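A.B. asks: If you're matching positions, the sequence shown starts at 295 in the working numbering and goes up one per residue.
For every residue, glycine included, the Cβ atom is placed at its ideal position computed from N, Cα and C.
Note that the structure is predicted; figures quoted are calculated from it, not measured.
Sharing a structure, written as structure tokens. Questions coming.
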Amino acid sequence: PGKSRGNERTYGRDERDMATVQASARRLLTGLLDGSDRRAFSTLTVKIRYSDFTTLTRSHTLSIPLDPDGDCRPLAMATMEALLDPLLDGRAIRLVGVRLSGFGARTGQRSLEGFGLRVPSTHAAGRRSPGSERGRQGTA
């Protein structure tokens with residue numbers, strides 16, 4: 295098995311309809327999730343090639359591997375869309391691609407997002423974790 299697996303869609307003519315590009319990316323990701331390679335993955339990458347052949351990629355690595363046999367589809371789709379949307383800036387698109395990597399052992403666990411729950415960030419701007427003031431007392 296390879297270190298990554300991915301699919302790309304090259305358009306016969308430059309694509310200016312961003313909804314068409316988004317739909318292509320969703321189909322590419324669905325094909326990867328439904329494919330015969332059932333390894334859990336933690337990194338999702340999107341690739342865009344504009345009509346001038348400028349190519350951009352964006353990746354996101356999740357904290358736990360997602361198991362294609364589990365309920366990972368909503369989180370994988372949301373991650374892919376969050377990476378792709380900023381790249382769709384109105385320029386004509388020649389190619390869109392989606393790649394999965396960071397394969398690991400299946401955990402057998404579902405992410406909290408798979409249960410419809412969102413975990414608040416512990417690193418929110420301006421927030422300190424409990425006890426972060428400890429050890430600072432008495433210093434000025």
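Give me the residue from Leu-338, Ile-358, Asp-363, Ser-345 with the minimum Cα distance to Thr-494.
C.D. replies: A query on residue 494 cannot be resolved here, the shown segment of the chain reaching from 295 to 434 and no further.
A.B. asks: Return the residue from the list Leu-356, Gly-329, Arg-343 that minimises the CA-CA distance to Gly-398.
C.D. replies: By 1-based counting over the sequence shown, the position of residue 398 is 104. The residue with the shortest Cα to Cα distance from Gly-398 is Leu-356.
A.B. asks: Which residue's Cα is closest to the Cα of Thr-348: Leu-389, Gly-306, Arg-299, Leu-360?
C.D. replies: Against the sequence shown, residue 348 aligns to sequence position 54. Out of Leu-389, Gly-306, Arg-299, Leu-360, Leu-389 has the C-alpha closest to the C-alpha of Thr-348.
A.B. asks: Taking the beta strand (DSSP E) that Arg-352 belongs to, which residues open and close that run?
C.D. replies: For this step, residue 352 is matched to residue 58 along the sequence shown. Where Arg-352 is concerned, the enclosing beta strand (DSSP E) stretches over 349-360.
A.B. asks: Since Ser-318 is in the beta strand (DSSP E), which residue starts that stretch and which ends it?
C.D. replies: Taking the first residue of the sequence shown as position 1, residue 318 is located at position 24. It is not in any beta strand (DSSP E) - Ser-318 instead sits in the alpha helix (DSSP H) that spans 312-328.
A.B. asks: Mapping DSSP to helix, strand and coil, what is Arg-343?
C.D. replies: Sequence index remark: in the sequence shown, residue 343 carries index 49 (1-based). Three-state DSSP puts Arg-343 in a strand.
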